[in-house]
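Engineer: Take a look at the following structure, please.
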Amino acid sequence: IDDYVLGCYLIRDGSIHTYGVTSNVKDYSYFHNTLLDWLISKFNTQQDQGPLENLSQHLVDVAYPQHLCISIGATRYTAYGEQTFLQPNDTACVVLYNPQEYSHIQIEEHLLSSDSQLPNASILKQNVIFNPEQS
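Now the structure itself:
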């Protein structure tokens with residue numbers, strides 16, 4: 048995935064906004080073996096403290112699955128992202144794609160018009176739901 052980028056978007060009221068700076072995956076500080084080594088360390092040692100969770104216990108709870116899907120997270124915020132907080136009915140989108148196959152305009156158009164995946168891309172769309180009984 049050395050040629051891929053990670054883009055972050057927010058859909059609000061039918062309009063799409065660039066929420067994070069589209070970033071080359073290979074430019075992340077933790078990538079390839081560095082990322083894998085860090086993940087293994089965290090799965091083995093991370094404790095339930097503050098915002099962190101005991102990952103080892105989660106693996107026990109799900110009977111040590113043979114496969115995991117690991118998300119590397121979002122990118123740096125754009126000016127819009129720094130000033131905008133998620134609201135009910137928003138849709139947060141993170142897309143991993145090859146810019147040689149898709150332009151950012153094609154990605155944005157797809158996010159607005161479809162819930163389907165794109166070949167050779169990974170799309171995560173999450174709808175923001177507010178449940179007043181849980182607040």
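So the number in the numbering used here is just where the residue sits in the sequence shown, counting from 1, plus 47.
From the three backbone atoms N, C-alpha and C, an ideal C-beta is built for every residue, glycine too.
A quick note: this is a predicted structure, and the numbers were derived from the prediction, not measured.
1. Exposed or buried, T92, counting other C-beta atoms within 10 Å across all chains shown (16 or more means buried)?
2. Excluding five sequence neighbours on each side, which residues of the same chain lie with their C-beta closer than 7 Å to the C-beta of N174?
3. For the pair the stretch 122 to 138 and the stretch 161 to 179, tell me if three or more CB-CB distances fall below 8 Å.
4. For N145 versus D50, is the C-beta distance shorter than 9 Å?
5. Per DSSP, what kind of secondary structure is A139 in: helix, strand or coil?
6. Is Y66 near Y124, with beta carbons less than 9 Å apart?
7. Under DSSP, the beta strand (DSSP E) around G128 begins and ends at which residues?
8. Using the three-state DSSP reduction, which class does I170 fall into: helix, strand or coil?
Structural biologist: On the basis of the supplied data:
1. Position 45 of the sequence shown holds residue 92. The residue is exposed, with fewer than 16 neighbouring Cβ atoms inside 10 Å.
2. Against the sequence shown, residue 174 aligns to sequence position 127. Correct list, in chain order: T138.
3. yes
4. Counting from 1 along the sequence shown, the entry for residue 145 is found at position 98. Counting from 1 along the sequence shown, the entry for residue 50 is found at position 3. Yes, Cβ-Cβ distance for N145 and D50 is below 9 Å.
5. Numbered from 1 along the sequence shown, position 92 holds the residue referred to as residue 139. Three-state result, A139: strand.
6. The count along the sequence shown starts at 1 and reaches residue 66 at position 19. The count along the sequence shown starts at 1 and reaches residue 124 at position 77. At a Cβ-Cβ threshold of 9 Å, Y66 and Y124 count as neighbours.
7. Within the sequence shown, numbered from 1, the residue matching residue 128 stands at position 81. Where G128 is concerned, there is no enclosing beta strand (DSSP E), although the alpha helix (DSSP H) it sits in stretches over A126 to Q130.
8. The count along the sequence shown starts at 1 and reaches residue 170 at position 123. The answer is strand: DSSP assigns I170 an E or B state.
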